[in-house]
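Undergrad:
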DNA sequence: GTTGAAATTGATAAGCTGTCTCAAGATAGT
DNA sequence: ACTATCTTGAGACAGCTTATCAATTTCAAC
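Chains as they are written, first to last, in my numbering: chain A, 2 to 144; chain B, 2 to 144.
#1: Just to confirm before moving on: does the CB-CB distance between residue 46(A) and residue 58(A) stay below 8 Å?
#2: How far does the alpha helix (DSSP H) with residue 47(A) in it extend, from its first residue to its last?
#3: Do residue 39(A) and residue 84(A) count as a contact pair if the criterion is CB distance below 8 Å?
#4: Which residues in chain B sit within 7 Å of residue 40(A), going by Cβ to Cβ distance?
#5: Determine the direct distance from the alpha carbon of residue 20(A) to that of residue 7(A), and round the result to whole angstroms.
#6: With DSSP collapsed to three states, give me the class of residue 110(B).
#7: Counting only beta-carbon atoms, is residue 132(A) nearer than 8 Å to chain B?
#8: Whole angstroms is fine: what's the gap from residue 67(B)'s alpha carbon to residue 119(A)'s?
#9: Any chance the region 94–105 of chain A sits against the region 123–140 of chain B, with 3 or more Cβ pairs inside 8 Å?
#10: State buried or exposed for residue 117(A), treating a residue as buried only when at least 16 other CB atoms are found within 10 Å of its CB.
#11: Assign residue 42(B) to one of two classes, buried (16 or more other C-beta atoms within 10 Å of its C-beta) or exposed (fewer than that).
#12: Could you tell me how far apart the beta carbons of residue 135(B) and residue 131(A) are, in whole angstroms, since I believe they sit closer than 8 Å?
#13: Figure out for me which residue from 133(B), 144(B), 142(B) and 65(B) has the closest Cα to the Cα of residue 78(A).
#14: Within its chain, find whatever has a CB closer than 6 Å to the CB of residue 114(B); leave out the 5 residues flanking it on each side and keep chain order.
#15: Can you pull out the residues from the region 111–138 of chain B whose beta carbon lies closer than 7 Å to at least one beta carbon of chain A?
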């Protein structure tokens, strides 16, 4: 197995272009990162502790930021933390959040995305990313 | 002067409902807050230093969070800081934010709001509030 | 207007997230 | 294998926000 992932090539190219090196840690973090929709540095730190107990939190931050520069990830402020989103899953970034129990439902709506582009264009903007969060009560919490 | 502001009543009601008290500081901060579209705690701290040199930063944070609970303000994370937006004065609006220069353009789009309701209903939610932010480059920063 | 229980304040310590420092170790071109 | 350069890990550090707590203020009941 271990087929050549598109993202791994993107990373390799980015590294070569900037005189950076491909390390064991960077490969490890990328592989784990690609398996998920969005993560925080802290989350990955705990996830990867099993595979490499000495992997430092600083390295994870550095690497996730590197992924952002390489165009593989996208940082987004969510609450007090920074979420790193997997770009290849773009379009799944919106959230429906229950203020009662904290449940988070992810959704996608092309029509809303289209209207966002429309608004941006009208104002001379080119959208890089967006964030849409709907807060309310889920069916269960309304009782 | 000192006419009765709608927001002051909203605050008074909220305070009464939660056994909280109306203080000189809360009045002062609300008055200053309502004059602006969005502020950070730090900004208000400096603005109000002239009127009350002993007003503490912690009090400003506490009070702005209180405004959020009362529905007068809405917190928004931008970069590493928290912006407090005045929503009760102009009604709800969404933001178009330039990642280059930080310019914030406000907009409103009924069609998007309608689609949001649709998504919520489909998932059994009843929306209380929402947040929509589009990040990108403004016409000026694209060069 | 006094009184007193309860909330609030100001000052600062503490907490949290993320970045910086630097010696030791890994990488990759030769 | 050698060497210049980059990276790592550990902890120190920095910026923003919240918690702590003694002193003060509010407000409702007298």
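The beta carbon of each residue, even a glycine, is placed where N, CA and C say it ideally should be.
It should be emphasised that the depicted structure is a prediction, and the values quoted were computed from it without experimental measurement.
TA: Concretely, from the data shown:
#1: What you label residue 46(A) is simply residue 45 of the first chain in a count that begins at 1. What you label residue 58(A) is simply residue 57 of the first chain in a count that begins at 1. Cβ distance < 8 Å, so residue 46(A) and residue 58(A) count as in contact.
#2: As a first step, residue 47(A) is located in the first chain; it is residue number 46 there, counting from the start. From DSSP, the alpha helix (DSSP H) with residue 47(A) extends over 42–49.
#3: For the purposes of this step, residue 84(A) is taken as the residue at position 83 of the first chain. For the purposes of this step, residue 39(A) is taken as the residue at position 38 of the first chain. Cβ distance < 8 Å, so residue 84(A) and residue 39(A) count as in contact.
#4: Working through the first chain from its first residue, we reach residue 40(A) at position 39. Within 7 Å Cβ-Cβ: nothing; residue 40(A) doesn't reach chain B, min ~18 Å.
#5: Residue numbering aside, residue 7(A) sits at position 6 when the first chain is read from its first letter. Residue numbering aside, residue 20(A) sits at position 19 when the first chain is read from its first letter. Spanning the two alpha carbons is a distance of roughly 20 Å.
#6: Looking up residue 110(B) in the second chain gives position 109. If DSSP states are grouped into helix, strand and coil, residue 110(B) belongs with coil.
#7: Your numbering for residue 132(A) matches position 131 in the first chain. Cβ-Cβ to chain B under 8 Å: yes for residue 132(A).
#8: In the second chain, the residue the question calls residue 67(B) occupies position 66. In the first chain, the residue the question calls residue 119(A) occupies position 118. Cα to Cα, the separation comes out at about 35 Å.
#9: yes
#10: Residue mapping note: residue 117(A) aligns to position 116 of the first chain, counting from 1. Buried, by the Cβ-count rule.
#11: Reading the second chain from its first residue, position 41 is the one you call residue 42(B). By the 10 Å Cβ count, residue 42(B) comes out buried.
#12: Taking the first residue of the second chain as 1, we reach residue 135(B) at position 134. Taking the first residue of the first chain as 1, we reach residue 131(A) at position 130. That belief holds up - the Cβ atoms of residue 135(B) and residue 131(A) are roughly 5 Å apart, short of 8 Å.
#13: Reading the first chain from its first residue, position 77 is the one you call residue 78(A). Taking only the C-alpha atoms, the option nearest residue 78(A) is 133(B).
#14: Looking up residue 114(B) in the second chain gives position 113. Counting only Cβ-Cβ distances below 6 Å, and skipping sequence neighbours, we find nothing.
#15: 112, 113, 116, 117, 120, 121, 124, 125, 126, 127, 128, 129, 130, 131, 132, 133, 134, 135, 136, 137 and 138
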